[in-house]
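Asks: Residue numbers for the sequence shown follow this note's numbering, beginning at 429 and rising by one.
The beta-carbon is built from N, C-alpha and C at its ideal position, and this holds for glycine as well.
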Amino acid sequence: MTLTREATALTPDAFEARFSDLVELICDAAQLGHPKPFMEAQYTLLKAWMHDEFPRIAEVFSGVLQKEFESLYQPESLASLLAQDSGALMVRLLDTQAAIVAWKNTQAN
Numbered sequence: 429m430t431l432t433r434e435a436t437a438l439t440p441d442a443f444e445a446r447f448s449d450l451v452e453l454i455c456d457a458a459q460l461g462h463p464k465p466f467m468e469a470q471y472t473l474l475k476a477w478m479h480d481e482f483p484r485i486a487e488v489f490s491g492v493l494q495k496e497f498e499s500l501y502q503p504e505s506l507a508s509l510l511a512q513d514s515g516a517l518m519v520r521l522l523d524t525q526a527a528i529v530a531w532k533n534t535q536a537n
């Protein structure tokens, strides 16, 4: 997987695609109970991309959702993200997904 910084405006579809990759990765690792090495490598790539790209659209999200979203890519590793989960990870994923869909809907109008 190669992720490159978008040269132009970041579209809702492009961001949603990367976010969906992150969600799928988190869910797969959680289902296994621990991430496999290739999952950690993929998380590292997605984490770097999110770190670079999210600030470009952060204003779209409320302050609370910004923190929730950032908490998905700030842990050092996928294993750390899963270990830190107090049972709210799925809620955070759903909340941030809903915010992305709302952003897409405002861009479509």
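Using the rule of at least 16 other Cβ atoms within 10 Å of the residue's Cβ for burial, across every protein chain shown, is P483 buried or exposed?
Replies: Within the sequence shown, the letter at position 55 stands for residue 483. P483 comes out exposed.
Asks: How many whole angstroms separate the CB atoms of E468 and S505, which I take to be in contact at a CB cut-off of 8 Å?
Replies: By one-based count along the sequence shown, residue 468 stands at place 40. By one-based count along the sequence shown, residue 505 stands at place 77. Indeed, because the Cβ distance is near 6 Å, the residues count as touching under 8 Å.
Asks: Using the Cβ count rule (16 or more neighbours within 10 Å means buried), how would you classify L522?
Replies: Taking the first residue of the sequence shown as 1, we reach residue 522 at position 94. Classification for L522: exposed.
Asks: Check for me: the alpha helix (DSSP H) holding K475 runs from which residue to which?
Replies: Numbered from 1 along the sequence shown, position 47 holds the residue referred to as residue 475. Looking at the DSSP string, the run of the alpha helix (DSSP H) that includes K475 is 465-485.
Asks: Give the single residue among P440, Y471, H462 whose Cα lies nearest to the Cα of A486.
Replies: Along the sequence shown, one-based indexing puts residue 486 at 58. It is P440.
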